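Visitor:
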Amino acid sequence: MERLAVREISPRFLSQDERIEIGDLKKAGLSVRAIADRLGRAPSTISRELRRNASRAGGYRPFEAQRQATARRSRNHRRRWETNYELQDLIAELLAERWSPGQISRHLRARFPNDRSMWLSHESIYQAVYLPGSPLRRPSRVAPQHRSPLRTGRDHRRAHQSAERRRPRFVEPMLTIHQRPFSPSDRSEAGHWEGDLIIGKDQKSAIGTMVERQTRTVRLLHLPTRHGDSLHAALRDRMSDLPPHLLRSITWDQGTEMARHNEIAATLRTKIYFCDSHSPWQRPSNENTNGLLRQYFPKGTDLSVHLPEHLLAVEDELNRRPRRVLHDRAPIDLFTALLACGNQPVLRR
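Numbering follows the UniProt record's numbering, with no gaps: position 37 of the sequence shown is 37.
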């Protein structure tokens with residue numbers, strides 16, 4: 001079959017070649033996550049593609065999928081929030097109160113259960129906020145200096161890098177996330193942590209963040225500097241007290257602060273896995289928690305002013321807060337139960 005004539009499109013969208021590869025890999029029996037890994041795309045992108053552009057005759061046909069996607073992009077239609085001013089005002093009001101798009105989307109469905117015209121997905125809300133000149137960009141009441149109503153302060157979507165552009169940053173051999181014995185969605189075993197830094201003004205200060213994947217328990221690391229020595233010492237001080245079944249692995253990005261990763265792994269007697277460059281979705285628990293932490297440590301501020309005692313207070317407040325993803329249980333309660341029960345899991349997700 002001849003290829004369809006296609007014009008140049010943004011790399012954000014799947015190309016015809018990628019759709020052909022998706023079709024081949026799906027026929028070969030690969031999972032959504034395996035296909036995403038091959039293409040260097042987020043798993044949600046592949047899942048959405050297979051759902052939205054499936055053939056009416058059943059299965060997935062790449063050329064038919066390409067035609068459907070092209071036709072969908074060419075439609076000239078106004079977005080729901082642009083024509084429904086009641087919906088637009090409500091979303092803008094909630095964004096100004098620092099609600100996340102996910103919280104707003106769930107609230108709309110709960111508040112208007114029988115009125116679908118007042119529903120909007122979290123992805124549509126993100127797209128509306130990122131749109132230049134969007135009327136949803138109203139100043140926050142508590143942080144009017146932010147240029148975006150999102151809690152992250154971001155006003156544009158960060159692009160995912162393609163797989164061929166990802167290169168290891170360290171001289172020493174490292175374990176990659178693709179060697180990790182579980183997927184990002186598998187939280188059945190406790191003791192696997194995700195880590196990262198939140199960076200302060202002018203890249204001169206930082207706070208380390210650690211999140212236990214199963215219970216979402218947070219530990220914050222006080223870092224006098226961004227050097228590897230500071231991180232090594234902070235991880236040793238905050239993580240060495242954990243029993244082996246609660247420190248099975250750490251997943252981190254390829255930041256230069258982890259250049260001494262082999263020494264850190266030896267000190268903590270655990271394995272450290274590294275995400276692909278610029279792939280924060282491979283650390284979903286940590287990425288979400290960093291968004292919550294920005295309420296305490298806004299972007300563009302000096303993070304070195306926060307003493308260890310303050311970090312412990314923030315950590316305690318987050319860990320005692322009931323989480324929807326934990327069925328309204330608090331991380332501290334689940335983690336304490338894990339400490340008490342040894343190697344037996346108390347939560348399956």
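Cβ coordinates follow ideal geometry from the N, Cα and C atoms, glycine included. Given the structure is predicted, the values throughout are model-derived calculations rather than measurements.
1. Pro322: buried (16+ other C-beta within 10 angstroms of its C-beta) or exposed?
2. Within the 8 Å Cβ cut-off, does Ala128 reach chain B?
3. Could you name the residues of the same chain whose beta carbon sits closer than 8 Å to that of Glu164, not counting the 5 residues immediately before and after it, in chain order?
4. Under the rule that 16 or more other beta-carbon atoms within 10 Å means buried, what is Gly195, buried or exposed?
5. Can you give me the C-alpha to C-alpha distance between Gln88 and Pro43, rounded to a whole angstrom?
6. Helix, strand or coil for Leu347, going by three-state DSSP, please let me know.
7. Ile91 and Leu120: beta carbons closer than 8 Å?
8. Nearest-angstrom Cα distance between Lys27 and Pro284?
9. Classify Glu315 as helix, strand or coil using the three-state DSSP reduction.
10. Does the separation of the CB atoms of Phe274 and Leu175 fall below 8 Å?
11. What is the rounded straight-line gap between the Cα of Glu123 and the Cα of Trp281?
12. Span of the alpha helix (DSSP H) holding Trp81?
13. What number of angstroms, rounded off, separates the C-alpha of Ile125 from the C-alpha of Gln103?
14. Which of helix, strand or coil does DSSP assign to Asp196?
15. Quick one: what's got a C-beta closer than 8 Å to Gln68's C-beta in the same chain, skipping five residues either side?
16. Can you tell which of Ser279, Thr267, Gly208 has its C-alpha closest to the C-alpha of residue 373?
17. Any heavy atom of the ligand PLP closer than 7 Å to the Cβ of Arg56?
18. Alpha helix (DSSP H) containing Ala340: first to last residue?
19. Just the C-alpha distance for Arg269 and Pro11, rounded to the nearest angstrom, thanks.
20. If I follow the unbroken beta strand (DSSP E) through Ile22, where does it start and stop?
21. Please go through the same chain and pick out, in chain order, the residues whose beta-carbon is closer than 8 Å to the beta-carbon of Thr217, but skip the five residues on each side of it.
22. What residue does the beta strand (DSSP E) around Leu292 start on, and which one ends it?
23. How many Å lie between Arg248 and Cys341 at the Cα?
24. Determine which residues share a DSSP beta bridge with Ser249 and list them.
25. Would you tell me roughly how many angstroms separate the C-alpha atoms of Gln203 and Arg226, rounded to the nearest one?
26. Since Thr301 and Gly200 are thought to touch, with beta carbons under 8 Å apart, how far apart are those beta carbons, to the nearest angstrom?
27. Going by other Cβ atoms of all chains shown within 10 Å of its Cβ, with 16 needed for buried, is Asn290 buried or exposed?
28. Would you mind stating whether Leu220 and Leu311 have Cβ atoms separated by less than 8 Å?
29. Is the beta carbon of Thr215 closer than 8 Å to that of Leu293?
30. Among Arg116, Gln295, Ser304, Leu14, which residue has its Cα nearest to the Cα of Glu317?
Guide: Straight from the coordinates:
1. Label assigned to Pro322: exposed.
2. Of the protein chains in this structure there is only one, and it is not chain B.
3. Summary for Glu164: the model assigns pLDDT 43, below 50, so the residue's position carries little reliability, and this model does not support an answer.
4. Around the C-beta of Gly195, 16 or more other C-beta atoms lie within 10 Å, and the residue is accordingly described as buried.
5. Roughly 30 Å between the two C-alpha positions.
6. With a pLDDT of 48 at Leu347, under the threshold of 50, the modelled position of that residue is not reliable, and the figure given next carries that caveat. In the displayed model, Leu347 falls within coil according to three-state DSSP, outside both helix and strand.
7. Yes.
8. Between Lys27 and Pro284, the C-alpha separation is close to 29 Å.
9. Per DSSP, reduced to three states, the secondary structure at Glu315 is helical.
10. In this structure, Phe274 lies near Leu175, with their beta-carbon atoms less than 8 Å apart.
11. Straight through space, the alpha carbons of Trp281 and Glu123 are spaced by roughly 15 Å.
12. Counting along the chain, the alpha helix (DSSP H) containing Trp81 begins and ends at 80–83.
13. The C-alpha of Gln103 is placed about 11 Å away from the C-alpha of Ile125.
14. Asp196 falls in the strand class under three-state DSSP.
15. For Gln68, where only same-chain residues beyond five positions count, the Cβ hits under 8 Å are Arg52, Asn53.
16. Outside the displayed range of the chain (1 to 349) lies residue 373, so it cannot be described from this structure.
17. As far as ligands go, the structure on display features none, and thus does not contain the ligand PLP.
18. Here the alpha helix (DSSP H) through Ala340 covers 331–341.
19. Looking at the two C-alpha atoms, the distance is approximately 41 Å.
20. Counting along the chain, Ile22 falls outside any beta strand (DSSP E), though it belongs to the alpha helix (DSSP H) covering 16–27.
21. Hits under 8 Å: Val211, Asn319, Pro331, Ile332, Leu334, Phe335.
22. Residue range 284–293 is occupied by the alpha helix (DSSP H) that includes Leu292, with no beta strand (DSSP E) assigned at that position.
23. Separation of Arg248 and Cys341 (C-alpha to C-alpha, rounded to the nearest whole angstrom) is 16 Å.
24. The partner list for Ser249 (beta bridge, DSSP) reads His192, Lys271.
25. Straight-line Cα distance between these residues: approximately 9 Å.
26. At roughly 6 Å, the Cβ-Cβ gap stays under 8 Å, so Thr301 and Gly200 are in contact.
27. Residue environment analysis places Asn290 among the buried positions, since at least 16 neighbouring C-beta atoms fall within 10 angstroms of its C-beta.
28. It is a contact, given that the beta carbons lie within the stated cut-off.
29. The Cβ-Cβ distance between Leu293 and Thr215 does not fall below 8 Å.
30. If we check each option's Cα against that of Glu317, Gln295 comes out closest.
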